[in-house]
Amino acid sequence: MIDYHLLLSVLIGVSILIILILKFKIQPFLGLLISSILVGVLAGVAPLEIMNTVKEGMGSTLGFVAVVVGLGAMFGAILEHSGGAEALAQYLLKAFGEKNASWALMITGFFIAIPVFFDVAFIILIPLVYSLQRKTKKSMLLYAIPLLAGLAITHAFIPPTPGPVAVADILNADLGWVILVGFIVGIPTAIVSGPIFGKFIASKIFIAAPKKIDEKVVDNFPPISLILSIIATPILLIVLNTLLNSPLGSSLNLSDKTITWLQMIGHPFSALIIANLMAWYLLGIRRGVSKAILSKITSASLAPAGIIILLTGAGGVFKQMLITTGTGEMLANYFSSIGLSVLLFSFLAAVCVRILQGSSTVAMITAAGITSSLITTPLGEFHTALIVISIAAGASILSHVNDSGFWLVSNYLGLSEKDTFRSWSMMTLILALCGLTMVLLLSVLL
Numbered sequence: 179m180i181d182y183h184l185l186l187s188v189l190i191g192v193s194i195l196i197i198l199i200l201k202f203k204i205q206p207f208l209g210l211l212i213s214s215i216l217v218g219v220l221a222g223v224a225p226l227e228i229m230n231t232v233k234e235g236m237g238s239t240l241g242f243v244a245v246v247v248g249l250g251a252m253f254g255a256i257l258e259h260s261g262g263a264e265a266l267a268q269y270l271l272k273a274f275g276e277k278n279a280s281w282a283l284m285i286t287g288f289f290i291a292i293p294v295f296f297d298v299a300f301i302i303l304i305p306l307v308y309s310l311q312r313k314t315k316k317s318m319l320l321y322a323i324p325l326l327a328g329l330a331i332t333h334a335f336i337p338p339t340p341g342p343v344a345v346a347d348i349l350n351a352d353l354g355w356v357i358l359v360g361f362i363v364g365i366p367t368a369i370v371s372g373p374i375f376g377k378f379i380a381s382k383i384f385i386a387a388p389k390k391i392d393e394k395v396v397d398n399f400p401p402i403s404l405i406l407s408i409i410a411t412p413i414l415l416i417v418l419n420t421l422l423n424s425p426l427g428s429s430l431n432l433s434d435k436t437i438t439w440l441q442m443i444g445h446p447f448s449a450l451i452i453a454n455l456m457a458w459y460l461l462g463i464r465r466g467v468s469k470a471i472l473s474k475i476t477s478a479s480l481a482p483a484g485i486i487i488l489l490t491g492a493g494g495v496f497k498q499m500l501i502t503t504g505t506g507e508m509l510a511n512y513f514s515s516i517g518l519s520v521l522l523f524s525f526l527a528a529v530c531v532r533i534l535q536g537s538s539t540v541a542m543i544t545a546a547g548i549t550s551s552l553i554t555t556p557l558g559e560f561h562t563a564l565i566v567i568s569i570a571a572g573a574s575i576l577s578h579v580n581d582s583g584f585w586l587v588s589n590y591l592g593l594s595e596k597d598t599f600r601s602w603s604m605m606t607l608i609l610a611l612c613g614l615t616m617v618l619l620l621s622v623l624l
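Using my numbering, the first residue of the sequence shown is number 179, and each one after it goes up by one.
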């Protein structure tokens, strides 16, 4: 049975959030707090209970997210400073050859976006796209779209990037499962939206690299084996922890004490601390970078991380308010009665917020808050991870003029607004739909 008063309260709250961000340019963190409180007021929650809900939602969310996002940001900053992204790209281009350069760039983007933020990784790697276009005289989109697809998919699907970490925390999903499902869904999605679509759109739109560009020449890249091992370490440790917590772990016949210590090492906190220490020494101290510079690099990386952490906390407040008002349980019962799965609902919720206000992070966190309140019974780690990726796919859809990524791509590639829609926006649409298709297939098959 639908309580239209509660439903109207949530719709008004989400509408106010969109208006605050779009019309009044209010920071999404403040907008989420205001809209959460408004939902509580309209739903008739007692004033002091509203404030306690804000406190509970913020506190319960930040305990995990703040540590993971902060550690991830510092790790990525050291990798970026060392030239690791360029090293990996150059290695893959050499290994794949000029003919398969689009595949090399897709793989580069896929792995580099794990420790490095999307926009930073794109700016670091775009000179390689320029260089390839000048050599081959083919459309720059042949190389840029695969790179962007790899970056966008990993940024949205695979922890420890902030978006999936935040959604996983709000939905109480295991990060190891999210990583595994993210890879399973992300690889075919990257292939379709990257090299395949890139080849098609490059035949329709010719874009040349800028004639003059001051490209940085670096001849002291860190060894590629070192870069790959440092990036892989936290991912493998987190996945190992997940396996130890599964039935496979009990079949290893290890002592309880040994398993407990291994689980501690494989916890996301420990895994990222180990990765940071490896990066600090192997990419910093051993390569002659002073401790003062390393400290400055890592401290600067925490500024953008702080915004994401607070935004995620506000998303936790929105989730908690939906639980407090009982809206989540009501919607869960309603959608169950009409046969709409939580997977499809979570995708559509993220799509609506993404298209309306532009930010994929805000879309992911808002959709996660709404969806988490619908989950009234445990779904299992695998299916919870599927919901995380479903939300990530929906929040990646159809980037357009209200998304900063749209203008970043447009400016660096020299595209008109029309051609940016035809290339970048269409790529994000294909990415989202392929991601959803893979999620739905996995939910049926497994």
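Backbone N, C-alpha and C define an ideal beta-carbon position, used for all residues, glycine too. The model shown is predicted, which means the values in this text are computed figures rather than measured ones.
Buried versus exposed, by CB contacts within 10 Å (16 or more), residue i
i, result
"Leu-461", "buried"
"Ala-478", "exposed"
"Phe-447", "exposed"
"Thr-562", "buried"
"Trp-439", "exposed"
"Ile-391", "Note on Ile-391: pLDDT 46, under 50, position unreliable in the model; the coordinate value appears next. So Ile-391 counts as exposed."
"Asp-347", "buried"
"Glu-595", "exposed"
"Leu-338", "Inspection of the sequence shows that residue 338 is occupied by Pro rather than by Leu. Its Cβ being crowded by 16 or more others within 10 Å, Pro-338 is buried."
"Phe-666", "A question about residue 666 goes unanswered here, because the residues of the chain that appear run from 179 up to 624."
Option in the options with minimal Cα separation from residue i
i, options, result
"Val-566", "Leu-200, Leu-358, Gly-218", "Leu-358"
"Ala-224", "Asp-434, Ser-582, Thr-502, Ile-608", "Thr-502"
"Gly-241", "Val-343, Ala-546, Met-508, Ala-528", "Val-343"
"Phe-496", "Met-542, Ile-533, Leu-472, Asn-454", "Met-542"
"Pro-556", "Ser-568, Arg-532, Val-520", "Val-520"
"Lys-382", "Thr-615, Arg-600, Ile-608, Leu-607", "Arg-600"
"Met-284", "Phe-253, Gly-250, Pro-324", "Pro-324"
"Gly-364", "Asn-589, Ala-545, Phe-288, Gly-209", "Phe-288"
"Met-604", "Tyr-590, His-578, Gly-592", "His-578"
"Gly-592", "Leu-611, Glu-507, Leu-404, Pro-388", "Pro-388"
"Leu-572", "Leu-586, Ala-255, Ile-608", "First, the amino acid is wrong: residue 572 is Gly here, not Leu. Checked all of Leu-586, Ala-255, Ile-608; the closest Cα to Gly-572 is Ile-608."
"Gly-218", "Thr-606, Thr-505, Val-622", "Thr-505"
"Pro-400", "Leu-208, Ile-331, Thr-490, Gly-261", "Gly-261"
"Asn-350", "Thr-239, Ser-433, Val-617", "Thr-239"
"His-333", "Leu-422, Pro-425, Ala-570, Lys-315", "Ala-570"
Whether residue i touches residue j by CB criterion (8 Å)
i, j, result
"Leu-620", "Leu-564", "yes"
"Ala-457", "Ile-402", "no"
"Ser-537", "Asp-581", "yes"
"Ile-575", "Ile-533", "yes"
"Ile-158", "Val-243", "Any property of residue 158 remains undetermined from this structure, which presents the chain solely from 179 to 624."
"Ile-170", "Leu-216", "The structure shown does not extend to residue 170, since the chain is modelled only from 179 to 624, so the question has no answer here."
"Gly-328", "Gly-372", "yes"
"Phe-253", "Asn-419", "no"
Which of helix, strand or coil DSSP assigns to residue i
i, result
"Gln-441", "helix"
"Thr-239", "helix"
"Leu-461", "helix"
"Ser-594", "coil"
"Thr-555", "coil"
"His-578", "coil"
"Pro-337", "coil"
"Ala-449", "helix"
"Lys-203", "coil"
"Ala-224", "coil"
"Ile-569", "helix"
"Asp-626", "The question about residue 626 has no answer, for the chain in this structure spans 179 to 624."
"Ser-468", "coil"
"Ser-603", "helix"
"Ala-588", "In the sequence under discussion, the amino acid at residue 588 is Ser, which differs from the Ala named in the question. Correct three-state label for Ser-588: helix."
Query raised in the report: If you scan the region 364-439 from start to end, which runs of the alpha helix (DSSP H) of 4 or more residues do you find wholly inside it?
Result: 375-380, 402-422, 425-428
Report task. Within the region 272-318, note down every full alpha helix (DSSP H) run reaching 4 residues or more, in order along the chain. Result -> 279-290, 296-314
Query - Length at least 3, wholly inside the region 474-524: the beta strand (DSSP E) runs in chain order - result: none
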